[in-house]
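Engineer:
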Amino acid sequence: MLPLIDKPLIQYAVEETRAAGIENIVFVSSPGKPMLNDYFRTNVWLENELSSKNKTDELRVIRDVSLSPKSFWITYQTEALGLGHAIWTAKEFVKDKPFAVLLPDDFIHSDRSAIGQMIEAHATIGGNMVATVDVGREAISAYGCLDVEARAGRCLSASGVVEKPAKEKAPSTHAVIGRYILQPSVLDRLSTIRPGAGGEIQLTDAIAADMVSNDLWGYEFEGTRYDCGSQAGYLEATVAVAIDHKELAPSLYRNLALKAGFGVAA
Ligand code: G1P
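Heads up, the sequence shown stops at 257 in the numbering used here, and the numbers go up one at a time, no gaps.
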C-alpha cells in the first residue's frame, strides 16, 4: 500500500493488469491487513456522500479504484514460507489456462502495460515466461537468474533459471523481474518442490522444474523497472512518476533548478 505520489503501488499493478485485459485478480496478502479489501471494495456509503455533495471528480476517482466483488479475491499466506508458497495459496483460483503474476514492488514505468506486452508475446511462443532485465554481475545475486541460450527480438530462450546465485556462478546477468506468465502446471510443481535459496519455497525452482513440460522464455519489456523494495528505487520511481505528472512536474523542475543554482523565471 506504499504510495507512489497519489496511488499505492498495488494500484499501479492493478492498472497494469486492466490495461492488459486481465479481468480477474487474486491478491495474496498476510493476515491482519484489512486495508487491501477496504481499498478496493466498493464503498457505497462514501459514493453516496460524494454524489449528494456533487463532488463528481472525487466520485470518479474512487469509482475508478474500486473493483467489482466478482472480479477480485484475496488469499492469505499465513506463514512466510517464500514467494513460491505465496503464489501457491492462489492455486484454487487458477483453472486450466496460463495466468499472470505481478510483484507490485517491482514498479514498471512504461507507456505500454508490461504484462500486456508479455501476454502478446506469449500468445505466439507459449511456455513459461518471465520478465527480465540485465542488472549486471554485481547485482545478480539478489535475483532469479536466467541461463540464456538465444535471443529472438525481445524474447530470450532460456535453458534454466536459478534463484539468487553467487555472482561468480551466475549463468548470466539477466535477472528475473516480478512479471510472469505461467502455466498451471507450475502450481503443481509448487506443491512438491522442497525449500530452496534462503530456506524458502521459490517460484523460480518450480519454473525450473516445469521445464520438462514447458519452454522457458525471458522477455525484455519496453519500460523502466524500479525496485520499490529499496529506498533508492522507491525514490527514483517517485521522481519518474512526478516528471510525468502534469500538476507536479513544473514545481519539481523548478525546485531542482533552484537547487542546482539556476535562476527560474516566474
Ligand atoms: C523475488 C524472486 C526473484 C526475482 C525478484 C524480482 O525475489 O524470488 O526470482 O528476481 O523477486 O524482484 P525477492 O525480491 O522476493 O527476494
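We treat Cβ as the ideally placed atom computed from N, Cα and C, and that holds for glycine.
Alpha carbon to alpha carbon, how far is E159 from A197?
Structural biologist: 23 Å
Engineer: Inspect the beta-carbon positions of I65 and L37 and report whether they are closer than 8 Å.
Structural biologist: Taking 8 Å as the Cβ cut-off, I65 and L37 do not qualify as a contacting pair.
Engineer: Going by other Cβ atoms of all chains shown within 10 Å of its Cβ, with 16 needed for buried, is I234 buried or exposed?
Structural biologist: exposed
Engineer: Please check the pair L93 and T215, which I expect to be a contact at CB under 8 Å, by giving their CB distance rounded to whole angstroms.
Structural biologist: The pair is not a contact, with the Cβ atoms about 16 Å apart (cut-off 8 Å).
Engineer: Just to confirm, are V153 and G209 a CB contact at a threshold of 8 Å?
Structural biologist: no
Engineer: Within a Cβ cutoff of 6 Å, which residues of the same chain sit near D206, ignoring the five residues on either side of it in sequence?
Structural biologist: Here the set comprises G118.
Engineer: Quickly, what does DSSP pair M120 with across the bridge? List them, please.
Structural biologist: I172 and W208
Engineer: Excluding the five sequence neighbours on either side, which residues of its own chain have a C-beta within less than 7 Å of the C-beta of A133, listed in chain order?
Structural biologist: K155
Engineer: Using a Cβ-based criterion (distance less than 7 Å to any ligand heavy atom), does Y134 qualify as near ligand 1?
Structural biologist: yes
Engineer: In this structure, how does DSSP classify P89 when only helix, strand and coil are distinguished?
Structural biologist: coil
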